[in-house]
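J.: Below you will find the structure I want to go over with you.
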Amino acid sequence: MMTRPNKKDFAAYFFLECSNPFCFYLYYIYFSPILKSFGYSSPDIISHNFLLSIIDCLVVFPLIYLVKIFNPIKILKFQAIVLLLIVVSLPIFAMYLNSGRQVFLFQAILFPFSLSGVAVASPIFIKRFNVDRRFTTTTIGYALARSFMYVVTAFGLVYLTEWIGHSGVCVIGLPLMFACFWSIRHFEKLEGLRPHKSFVPINDEVHSQAA
2 MMTRPNKKDF AAYFFLECSN PFCFYLYYIY FSPILKSFGY SSPDIISHNF
52 LLSIIDCLVV FPLIYLVKIF NPIKILKFQA IVLLLIVVSL PIFAMYLNSG
102 RQVFLFQAIL FPFSLSGVAV ASPIFIKRFN VDRRFTTTTI GYALARSFMY
152 VVTAFGLVYL TEWIGHSGVC VIGLPLMFAC FWSIRHFEKL EGLRPHKSFV
202 PINDEVHSQA A
């Protein structure tokens, strides 16, 4: 008989997966109107985003190295903290961007701290679901998070930016970030990690569990 997944585990997984569409929109789409105001054409913006995608790919390699040294949940938590600071400060920084190069530099700095769903800690999170329903649970959580957040970001950020300017990012970003922090804290407790503890080298036991 198949067992039902734990509701808190599923909710935590869902909220973390919600972060990917928000970050994707923020990095690749949100700054397009600003680039157009600097005289960028559609082909220019496509080239701009192509260069960003190369940086996005290169960021993976340092993460591969870091997960061998530090606990993946701690890395994810650090990324979330920095991303929260960026979301809060984004309305201020956006007002002082004066060229496409400055926009590119700002976006390039954001990439290492993007939350691509469960990302580096995915093996640790996925193993929390029972084997008999693991595939179904994770794929449903992934699909629901993507479909929900792509609608919220695509329509919500457009109208919020028109109504209240760049502060509209905080209206969607802050609740999402707090939900992600709750999710990370939940999985920290399940893994026996103390939330207040700083980065610590990951030991062989954690490696075997993540596998």
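Numbering (my numbering), first residue to last: 2 to 212. Positions of the beta carbon are idealized from the N, C-alpha and C atoms, including for glycine.
Are Cys181 and Ala81 touching if we call contact CB-CB under 8 Å?
T.: yes
J.: Check for me: the alpha helix (DSSP H) holding Gly1 runs from which residue to which?
T.: Given that the chain is displayed from residue 2 to residue 212, the structure contains no residue 1 and the question cannot be resolved.
J.: Just reading off the alpha helix (DSSP H) that Pro214 is part of, what are its end residues?
T.: Outside the shown range of the chain, which is 2 to 212, sits residue 214, and nothing can be said about it.
J.: On the three-state DSSP scale, how would you describe Ser48?
T.: DSSP places Ser48 in helix when its eight states are reduced to three.
J.: How about Pro6 and Arg186: are their beta carbons less than 8 Å apart?
T.: no
J.: Do you know whose CA, among Gly101, Asn21, Pro113 and Cys58, lies nearest Tyr41's CA?
T.: The candidate whose alpha carbon is nearest that of Tyr41 is Gly101.
J.: Starting from the C-beta of Ser199, find all residues in its chain whose C-beta is less than 7 Å away, skip the five residues before and the five after it, and write them out in chain order.
T.: Note that Ser199 scores 41 on pLDDT, short of 50, meaning its location in the model is unreliable; the coordinates nonetheless yield the value given after this. Excluding positions up to five away in sequence, the list is empty.
J.: Thinking C-alpha only, which one of Phe16, Trp183 and Asp10 is nearest Met150?
T.: Phe16
J.: If I'm right that Gly174 touches Phe23 with Cβ under 8 Å, what's the distance once you round it to whole angstroms?
T.: 7 Å
J.: How big is the Cα-Cα spacing for Pro176 and Ser43?
T.: 32 Å
J.: Whose CA, out of Thr154, Val153, Gly166 and Ile125, lies closest to the CA of Gly193?
T.: Ile125
J.: Can you determine whether any heavy atom of the ligand ZN sits closer than 7 Å to the C-beta of Gly142, and answer yes or no?
T.: This structure does not include the ligand ZN; it has no bound ligands of any sort.
J.: So Ile35 and Val104 are in contact, right, with Cβ under 8 Å, and what is the actual spacing, rounded?
T.: 6 Å
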